[in-house]
Structure formats: C-alpha cells, structure tokens
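Read through the structure below, which is laid out as structure tokens, and then see the notes.
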Amino acid sequence: MTDNLDFQCASHAKGIAEVIKEENTIGKTLGVLQEDGLYAFYLYSLALEKKSKYKDKAREIIHQSSKLLKKYELIANDNVTPENVRDIIAPLTNNLDELLFAKELIERTLVYARYHAKALEKSESTVTSEGESE
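If you count the sequence shown from 1, position 87 lands on 86 in numbering that gives the first Met the number 0, and the numbers rise without skipping.
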C-alpha cells in the first residue's frame, strides 16, 4: 500500500463512484464543499442520507471521506452522524492548515469520483449500445 496522497484520494474516489455511478450527486456535493466548507459538506451529505433515493450514495460519500481524513489523523472518529458531526469537525477549526488540508483532500477525492463516475456512465452506455446492436 502506498501513502501517496493523490493515490489515496483516487482510491477513495473509486469507492464513491462504484456506489454512486452518476456524476450529478457527486458534483452537487463537491459544490457544497467548495462554496460552503467542510462542515456544510457533512451536513449536506447527512441530509441527503435521509432521502431514501440517496441513502446509500450519501453514506458512501460520508464513509469514504471520513475514512480518508481519519487515515491522516485529521479527525479522530470516522463514524459521522448528525449528532456528532460538529464535535468531529470542531478540532479541525483550531488549526487552519489542517482544516484546509482536510478540505483539499475531500475536494480532490470528489473531483476524481466525479470523473470516475463519468467514465463508468460512458462505459455502461457503450456496453448497452453494443448489446442492442447485436
């Protein structure tokens, strides 16, 4: 296993894309992170999780993101819930460098996940198209 940050982001992104399989949800979540920050990202993802249509998708985004942050000791607990999200994120606010690093890790992961999902969409539509022509 390699500790290359870019590779780690790509690995977690693959996990997200394989569950979500469409770039729209990933893109919206990425937008919240970029515009409103880490805390809003988690709150948005937790709110999505309450909708049955997005439950598994949101859970995977939360799981992969939290697992990545915990790996680099940016958060102590990777089991993020509506009840504990503030307590998990609060220690990051004491160190701007760590907060920005955490945001950058998740942002890069979501960008890779979006492209990975796009590639999956393309390959699935190609398989479907090829299957129909046979």
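Think of the CB as a built atom: it goes at the ideal place given N, C-alpha and C, for glycine as much as any other residue. Bear in mind that the values here come from a model prediction, so they are computed numbers and not experimental data.
Quick one: residues in its chain with C-beta nearer than 7 Å to the C-beta of A101, no 5 flanking neighbours on either side, listed in chain order? Around A101: L37, L68, L73 and L91.
**Q.** Nearest candidate by alpha-carbon position, reference S10, set V84, T108 and K27
**A.** Looking from the CA of S10, the closest CA among V84, T108 and K27 belongs to T108.
Considering I74, what are the terminal residues of the alpha helix (DSSP H) in which it resides?
Looking at the DSSP string, I74 is not in any alpha helix (DSSP H), and its letter there is neither H nor E.
Item to check | Exposure of R85, with buried meaning 16 or more beta-carbon neighbours within 10 Å | outcome: With fewer than 16 other Cβ atoms within 10 Å, it is exposed.
**Prompt:** So, are the CB atoms of V79 and I61 less than 9 Å apart?
**Reply:** I61 is positioned such that its CB atom lies closer than 9 Å to that of V79.
- Task: Following the continuous alpha helix (DSSP H) through N23, name the residue where it begins and the one where it ends.
- Result: E22 to D35 is the span of the alpha helix (DSSP H), which, as asked, contains N23.
Which class does S64 belong to by DSSP, given the choice of helix, strand or coil? Looking at S64 - three-state DSSP - the assignment turns out to be helix.
I'd like the list of long-range same chain contacts for A57, defined as Cβ closer than 6 Å, with 5 residues on each side in sequence excluded. Scanning its chain for C-beta atoms nearer than 6 Å, with the 5 sequence neighbours on each side dropped, one finds around A57 the residues S44, L47 and E48, in chain order.
**Q.** Run of the alpha helix (DSSP H) containing V84, from where it starts to where it stops
**A.** Unbroken alpha helix (DSSP H) run through V84: V84 to I88.
*A75, buried or exposed, once every other Cβ within 10 Å from all chains shown has been counted against 16*: Answer is exposed; the Cβ neighbour count stays below 16.
task = Flag this pair as yes or no: are the beta carbons of I87 and Y53 separated by less than 9 Å?
result = Judged by their CB atoms, I87 and Y53 are not nearer to each other than the 9 Å cut-off.
**Asked** From D55 to A12, what distance separates their C-alpha atoms?
**Response** Cα atoms of D55 and A12: separation of roughly 15 Å, rounded to the nearest angstrom.
Here's the rule: buried if 16 or more other CB atoms are within 10 angstroms of the residue's CB, otherwise exposed. What is Q7?
Buried is the call here.
Original post:
What does a CB cutoff of less than 7 Å around E97 pick up in its chain, not counting 5 residues either side in sequence?
Top reply: Within the same chain, E97 has close Cβ partners L73 and L91.
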